[in-house]
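Trainee: Per this note's numbering, the very first residue in the sequence shown carries number 17; after that it's consecutive. To start, I am sharing the structure in question, which I have written as structure tokens.
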Amino acid sequence: SGRGFTKPRYPYIKKASGFSSAPGEAYDYIIVGGGTAGCPLAATLSHKFKVLLLERGGSPYGNRNISRLQNFHISLADTSPSSPAQAFISTDGVINSRARVLGGGTCINAGFYTRASPSYVNAAGWDGQLVNESYPWVEKRIVYWPNVAPWQAALRDGLLEAGVSPFNGYTFDHIYGTKVGGTIFDRRGFRHTAADLLAAGNPNNLRVLLRASVQKIVFDTQAGRRPKAVAVQFKDENGRQHQAVLADGEGGGDVILSAGAIGSPQLLLLSGIGPKHDLEKMRIPVVLHNQHVGKGMSDNPMNSIFIPTKKPVRQSLIQTVGITKMGTFIEASSGFSQSSDSIQCHHGIMSAEIGQLSAIPPAQRSLEAAQKYARNKQNLPREAFRGGFILEKIDGPLSTGELSLLDTDVDCSPSVTFNYFSHPYDLKRCVYGIRTIEKIVRTKHIAKLSGVDEYPMEVLLNMSVKANLNLVPKHTNDTASIQQFCRDTVITIWHYHGGCHVGKVVDHDYRVMGVAGLRVIDGSTFVNSPGTNPQATVMMMGRYMGVKILRERLGRAAEV
Ligand code: FAD
Numbered sequence: 017s018g019r020g021f022t023k024p025r026y027p028y029i030k031k032a033s034g035f036s037s038a039p040g041e042a043y044d045y046i047i048v049g050g051g052t053a054g055c056p057l058a059a060t061l062s063h064k065f066k067v068l069l070l071e072r073g074g075s076p077y078g079n080r081n082i083s084r085l086q087n088f089h090i091s092l093a094d095t096s097p098s099s100p101a102q103a104f105i106s107t108d109g110v111i112n113s114r115a116r117v118l119g120g121g122t123c124i125n126a127g128f129y130t131r132a133s134p135s136y137v138n139a140a141g142w143d144g145q146l147v148n149e150s151y152p153w154v155e156k157r158i159v160y161w162p163n164v165a166p167w168q169a170a171l172r173d174g175l176l177e178a179g180v181s182p183f184n185g186y187t188f189d190h191i192y193g194t195k196v197g198g199t200i201f202d203r204r205g206f207r208h209t210a211a212d213l214l215a216a217g218n219p220n221n222l223r224v225l226l227r228a229s230v231q232k233i234v235f236d237t238q239a240g241r242r243p244k245a246v247a248v249q250f251k252d253e254n255g256r257q258h259q260a261v262l263a264d265g266e267g268g269g270d271v272i273l274s275a276g277a278i279g280s281p282q283l284l285l286l287s288g289i290g291p292k293h294d295l296e297k298m299r300i301p302v303v304l305h306n307q308h309v310g311k312g313m314s315d316n317p318m319n320s321i322f323i324p325t326k327k328p329v330r331q332s333l334i335q336t337v338g339i340t341k342m343g344t345f346i347e348a349s350s351g352f353s354q355s356s357d358s359i360q361c362h363h364g365i366m367s368a369e370i371g372q373l374s375a376i377p378p379a380q381r382s383l384e385a386a387q388k389y390a391r392n393k394q395n396l397p398r399e400a401f402r403g404g405f406i407l408e409k410i411d412g413p414l415s416t417g418e419l420s421l422l423d424t425d426v427d428c429s430p431s432v433t434f435n436y437f438s439h440p441y442d443l444k445r446c447v448y449g450i451r452t453i454e455k456i457v458r459t460k461h462i463a464k465l466s467g468v469d470e471y472p473m474e475v476l477l478n479m480s481v482k483a484n485l486n487l488v489p490k491h492t493n494d495t496a497s498i499q500q501f502c503r504d505t506v507i508t509i510w511h512y513h514g515g516c517h518v519g520k521v522v523d524h525d526y527r528v529m530g531v532a533g534l535r536v537i538d539g540s541t542f543v544n545s546p547g548t549n550p551q552a553t554v555m556m557m558g559r560y561m562g563v564k565i566l567r568e569r570l571g572r573a574a575e576v
């Protein structure tokens, strides 16, 4: 996966081991995390300032598991140390994934692209005009309209028949009814990512290091002054330590964390900003006590219904969405296990045949067990893999949890708890979503593809329980009680966010409160997940904050 990054097209991307900090060499901005927000932010700031972008993962270029739509499930299922997806399991028992590659989540996600609603933008306190300029900056570079696949067309028509109306056509807007959204896959199924946005930067001012794992932020903690971020400490791909230093210029630059909803709160804690008691327990010197770091972690629950089909269905990821007034969003994917190359590996949590795992006790259902079952699966009949999912996601959500360190090694994922469905309204909306899916399944549009007039819902629920891969114990009433079904088969749609909320950890300019020279700009600052799905707004935010910072420092001379 490391191939390709030395190509002349990307001369500003280097391996971390090539970093030499000549005496006096310093950067105006040091951005930690070359992900969905970090890349557009670095590109924008590089127009006027010297920027260093540090990414712990490798290059997305030349990696077919990243660039081809049909391999979506393969990088998710790859648990090797060089995988662009790093698996983790929340204490809720849900298998989840963090990006570990330049481009971040946009390299491993399902590609669906949709903006946040105007009311979300207002509530965030963002400048509406700049927001409306920042989305198109992303869209003209990496966003496409999909070639609607048969499974997605059936969902679109089924949603309308089930009353999720009106039909809003092709739109990036987050509005009630049924729509076809944008996608970062082009019509050939080739993925475009946030890493491509780096090409919009100024290559002379931009330096990107791969396999640079930042371990902590270094503060100047002179007595009587606010602690000030002055450098970051990172290790390269060979484990060698380096320090990158912030320039001490007029107006002052920043260290900016864009390490994502797990990485950013983790790095604040590792650097001594967080709940004092927890830091002391880990023997981390306290730079600033803030009880809110790592709090307010949320993950939008996803529950899915598997519908087998008689014939293979074309592979598709999310293209059509139904947005209900209840705040339940209905989406779909299809055909992800049937090609001969994909039959060789398991497909993470969206895999029907993984249902074999439900036969073993939850405590023994580990990632290793999943791999073992995957190896045996070549013996299964091909028909077992044919079908599609209709899934539902809960807006918000209202249920929240927390993140805490298990270890002071940055490579060790922190402990994360999301408390899915702890808020009764989330559960109510899940039940509503399953009922809506039931109506859609009854329509002729799905029957046409499944080849079966109508599957009894009980059969589908039962199959979906068996197909489900999480570590939550199952109950005998899973198909009789939709509430129990929701709780027991909850998985993730990977839209987790929080940990560095605005007003609690950062101020409205995304500056970490109580210290100087440090900001957090990414999904960790969100209380609710934006839009139908979040990536558009995370990228927009990178561009938006880049322009805002330039304007703050340069006034009118900032136009880029
Ligand atoms: P990321 O993009 O994850 O960026 C964080 C970056 O920081 C990563 O590259 C990481 O390697 C790096 N990093 C972390 N710690 C360190 C460190 N210590 N040192 C150096 N670097 C570090 N959204 C949609 O809108 N549509 C979809 O269809 C969709 N599908 C999804 C499917 C999957 C499988 C996943 C995982 C996500 C999906 N999402 C989707 C969600 C969306 O992709 C994420 O919400 C978004 O990418 C998060 O952006 P971020 O900038 O907060 O974090």
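Note that beta-carbon positions come from the ideal geometry of N, C-alpha and C, so glycine has one too.
Less than 8 angstroms between CB atoms is the rule here; does Ala552 satisfy it with respect to chain D?
Mentor: Here there is only one protein chain, and chain D is not present.
Trainee: First and last residue of the beta strand (DSSP E) that includes Val521?
Mentor: That residue, Val521, is in no beta strand (DSSP E); it is neither H nor E in DSSP.
Trainee: From which residue to which residue does the beta strand (DSSP E) around Glu418 run?
Mentor: Here the beta strand (DSSP E) through Glu418 covers Gly417 to Ser420.
Trainee: With DSSP as the reference, label Gly539 as helix, strand or coil.
Mentor: Gly539 falls in the helix class under three-state DSSP.
Trainee: What is the DSSP secondary structure of Met298, reduced to helix, strand or coil?
Mentor: If DSSP states are grouped into helix, strand and coil, Met298 belongs with coil.
Trainee: Cβ-heavy atom distance between Leu407 and the ligand FAD below 7 angstroms?
Mentor: Outside the cutoff, so no.
Trainee: Mind checking which residues open and close the alpha helix (DSSP H) that includes Arg567?
Mentor: Gln551 to Leu570
Trainee: The ligand FAD and Pro550: does any heavy atom of the ligand fall closer than 7 angstroms to the residue's C-beta?
Mentor: yes
Trainee: How far does the alpha helix (DSSP H) with Thr60 in it extend, from its first residue to its last?
Mentor: Here the alpha helix (DSSP H) through Thr60 covers Gly54 to Leu61.
Trainee: Please list the terminal residues of the continuous beta strand (DSSP E) segment that includes Thr194.
Mentor: Per DSSP, the unbroken beta strand (DSSP E) holding Thr194 starts and ends at Gly193 to Val196.
Trainee: Which residue comes first and which comes last in the alpha helix (DSSP H) that contains Glu149?
Mentor: Glu149 -> alpha helix (DSSP H) spans Gly144 to Ile158.
Trainee: Out of Pro328, Asp423, Gly338 and Gly417, point me to the one whose CA is closest to Gly403's CA.
Mentor: Pro328
Trainee: By alpha-carbon positions, which one of Phe434, Leu225, Ala103 and Ala239 ends up nearest to Lys251?
Mentor: Leu225
Trainee: What are the boundary residues of the alpha helix (DSSP H) that includes Tyr441?
Mentor: Pro440 to Val457
Trainee: When we look at the beta-carbon of Val522 and count the other beta-carbons within 10 Å, is it buried (16 or more) or exposed?
Mentor: buried
Trainee: Let me know if His461 comes out buried or exposed under the rule of 16 or more other beta-carbons within 10 Å of its beta-carbon.
Mentor: buried
Trainee: Please state the DSSP three-state secondary structure of Gln499.
Mentor: helix
Trainee: Just how far apart, CA to CA, sit Leu476 and Ala348?
Mentor: 15 angstroms
Trainee: Closer than 7 angstroms to a non-hydrogen atom of the ligand FAD - does that hold for the CB of Asn125?
Mentor: For Asn125, the CB falls within less than 7 angstroms of some heavy atom of the ligand FAD.
Trainee: Does the beta-carbon of Ile537 have 16 or more other beta-carbons within 10 angstroms, so that it is buried, or is it exposed?
Mentor: Counting the other Cβ atoms within 10 Å of the Cβ of Ile537 gives 16 or more, which makes it buried.
Trainee: Between the C-alpha atoms of Val261 and Arg535, what's the straight-line distance to the nearest angstrom?
Mentor: 16 angstroms
Trainee: Shorter than 7 angstroms, the distance from the beta carbon of His293 to the closest heavy atom of the ligand FAD, or not?
Mentor: No, the beta carbon of His293 sits no closer than 7 angstroms to any heavy atom of the ligand FAD.
Trainee: For Arg299 and Ser332, I'd like the C-alpha separation in whole angstroms.
Mentor: Distance between the alpha carbons of Arg299 and Ser332: 48 angstroms.
Trainee: What does Gln102 pair with, by DSSP beta-bridge criteria?
Mentor: Answer by DSSP bridge pairing, in chain order: Arg114.
Trainee: Taking buried to mean at least 16 other C-beta atoms within 10 Å of its own C-beta, is Cys123 buried or exposed?
Mentor: buried
Trainee: Please report how far the alpha carbon of Pro182 lies from the alpha carbon of Leu171, in whole angstroms.
Mentor: Each residue's alpha carbon lies about 14 angstroms from the other.
Trainee: Tell me the DSSP secondary structure of Gln168 in three-state form.
Mentor: helix
Trainee: Which residues does DSSP pair with Val248 in a beta bridge?
Mentor: Ile233 and Ala260
Trainee: Drop a sphere of 10 angstroms on the beta-carbon of Ile191, count the other beta-carbons inside from all chains shown, and report buried for 16 or more, exposed for fewer.
Mentor: exposed
Trainee: Applying the 10 Å Cβ sphere with the 16-neighbour rule, what's the burial state of Tyr129?
Mentor: buried
Trainee: Answer with buried or exposed for Glu71, where buried requires no fewer than 16 other C-beta atoms within 10 angstroms of its C-beta.
Mentor: buried
Trainee: Roughly how many whole angstroms lie between the Cα atoms of Gly197 and Ser274?
Mentor: 26 angstroms
Trainee: Beta carbon of Arg503, beta carbon of Gly343: below 8 angstroms?
Mentor: no
Trainee: Taking the alpha carbon of Val337 as the point to measure from, which residue in Leu419, Gly558 and Lys195 has its own alpha carbon closest?
Mentor: Lys195
Trainee: Would you kindly work out how many angstroms separate the C-alpha atoms of Glu149 and Gly276, rounded to a whole number?
Mentor: Cα-Cα distance, rounded: 23 angstroms.
Trainee: Report yes if the C-beta distance between Thr505 and Ser480 is below 8 angstroms; otherwise report no.
Mentor: Closer than 8 angstroms, so yes.
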